[in-house]
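Basically our numbering = 1-based index in the sequence shown + 1. Working notes, structure below.
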Amino acid sequence: MKDLSLYIHIPFCKTICLYCNFVTFAHKNKKIPQYADAVIKELEFHAQKYGARVIESVYFGGGTPSLIDPHYIELIFGTLRNRFRINPNAEVTIECNPESLDEKRIEKYRLAGITRISLGIQSFNKETLARVARPHDDKTAYKALDALAATGFENFGADFIMGLPYQTYGSFKREIEEILSYHPAHLSAYFLSYDTKRIDIFIKDSPDEDAQLQMYEFLTTRLKKEGYVHYEVSNFAKPGFESVHNLRYWRQKEYVGVGVSAHSYADGKVWENGCDFEAYLENPLAEGEKISIDGDLERMDLIMLNLRTFRGIDVKEYEKRFSDFDDLVEKAGPYLDSGQLAMTGGRLHATDKGFLILDRITKDLI
């Protein structure tokens, strides 16, 4: 029987960041108890089919899961313990924002069963944070990091964004040195993406593409020097602290998503819960249309997801499932010649140079 991961979407936010493309809601905090009940109902529903599978990872994402009282996290995780088979060593992650993380909350999370915290810092520049409507400033970020240090919570990651307003190559370098002084187990840095309708907000005072690539090149070099493993295009970790949940997603392991807008992939099918908050509260068991992932769709998914990781595509696995690896190698030829792709130990994978243009490479291979 296959193992499984669970994703639980907590859509509540203090404010909506201007670059955010996720399904999130501000000013709905009064409905948190009702939402928690709906999530528990959906978990109990899925337990009827998947309760016998071993759960290897649980991820509370958002939104801002740390915005809701830890009591609700305890309630939800209690249902997980009662209705699912959770590996005693399972990774249990919660996404947090600096303005809603302190020592008391960290200790409550630890008691509830949380083993990993992902902290959304994005920047230490207070003008940048205000420009994109982040609900915290630089001092708040430092306080959250100090709280993690004071509680001895070792397995935490910090998220940053490259390409934000007022950001320069020099300021980004200083931010990375700042976060390294806190010794995070994990660090993520993503290129800014946003709805084109908001281009006027971001295009002014933001670094150009060349500057962003320079930031990325510095990041990969500096973090490797510090002993971090560059295990995915945007993610770095100390050895043994890679995100289990995210790795399982990139390796096409099955997962069930719970909550408004959550995605799932299980039994060869993908589906998505609806994005209407009120409709979800009324009927949390209304699954979306299930689409079979097979043939070309399955092959495209494997290429897109596996190439994001340092392990890349396993030749034997690819041949077993699709039997046309020679065709893939032919398409990859120019990138192999240029050193942007490489074959190592029976795996086709991107190099650091290749990660810089991974979208282009992936498009050509599929």
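Where a beta carbon is used, it is the ideal one built from N, C-alpha and C, also for glycine. These figures come from a predicted structure and were not determined experimentally.
Endpoints, the beta strand (DSSP E) within which residue i is located
i	result
residue 342	342-345
residue 195	Counting along the chain, residue 195 falls outside any beta strand (DSSP E), and DSSP gives it neither H nor E.
residue 115	Careful: residue 115 lies outside any beta strand (DSSP E) and carries neither H nor E.
residue 362	Here residue 362 belongs to no beta strand (DSSP E); instead the alpha helix (DSSP H) covers 359-366.
residue 7	5-11
Unbroken alpha helix (DSSP H) run spanning residue i, endpoints
i	result
residue 339	326-339
residue 320	316-323
residue 83	71-84
residue 287	Premise fails: residue 287 is in no alpha helix (DSSP H) and is neither H nor E.
residue 260	Looking at the DSSP string, residue 260 is not in any alpha helix (DSSP H), and its letter there is neither H nor E.
residue 270	That residue, residue 270, is in no alpha helix (DSSP H); its beta strand (DSSP E) goes 270-273.
residue 150	139-152
residue 173	170-181
residue 294	Per DSSP, residue 294 belongs to no alpha helix (DSSP H) and is neither H nor E.
residue 37	33-51
residue 245	245-251
residue 354	353-356
Identified DSSP bridge partners for residue i
i	result
residue 227	None, per the DSSP bridge assignment.
residue 188	159 and 237
residue 348	315 and 345
residue 264	273
residue 60	8 and 94
residue 14	27
Presumed contact (8 angstroms Cβ cut-off) between residue i and residue j, rounded CB distance
i	j	result
residue 137	residue 104	Their Cβ separation, rounded to whole angstroms, is 17 angstroms, which puts residue 137 and residue 104 out of contact at 8 angstroms.
residue 243	residue 234	Wrong, their Cβ atoms sit about 13 angstroms apart, outside the cutoff.
residue 139	residue 125	5 angstroms
residue 10	residue 287	Contact doesn't hold; Cβ gap of about 15 angstroms is too wide.
residue 204	residue 154	Between residue 154 and residue 204 the Cβ distance is about 38 angstroms, and since that is not below 8 angstroms, they are no contact.
residue 8	residue 60	5 angstroms
residue 194	residue 161	At roughly 14 angstroms, the Cβ-Cβ gap does not stay under 8 angstroms, so residue 194 and residue 161 are not in contact.
residue 12	residue 52	Residue 12 to residue 52, Cβ: 25 angstroms. No contact.
residue 149	residue 118	7 angstroms
Distance, residue j Cα to residue i Cα
i	j	result
residue 30	residue 54	33 angstroms
residue 2	residue 256	14 angstroms
residue 254	residue 186	23 angstroms
residue 115	residue 330	42 angstroms
residue 112	residue 311	34 angstroms
residue 301	residue 367	6 angstroms
residue 175	residue 355	26 angstroms
residue 88	residue 181	31 angstroms
residue 284	residue 258	15 angstroms
residue 351	residue 32	45 angstroms
residue 334	residue 313	16 angstroms
residue 171	residue 66	32 angstroms
residue 97	residue 226	28 angstroms
residue 349	residue 20	33 angstroms
Residue i versus the options, residue with shortest Cα-Cα distance
i	options	result
residue 280	309, 107, 35 and 171	35
residue 267	274, 293 and 287	293
residue 6	220, 56 and 204	56
residue 275	261, 142 and 232	261
residue 363	306, 322, 347 and 331	306
residue 223	252, 208, 232 and 177	177
residue 252	163, 237, 303 and 239	303
residue 169	250, 316, 298 and 219	219
residue 165	144, 156 and 132	132
residue 217	365, 338, 353 and 179	353
residue 28	21, 336 and 14	14
residue 290	296, 308, 282 and 265	265
residue 325	309, 308 and 297	297
Test: residue i CB closer than 8 angstroms to a CB of chain B
i	result
residue 157	Judged by its chain identifiers, the structure shown contains no chain B, having just a single protein chain.
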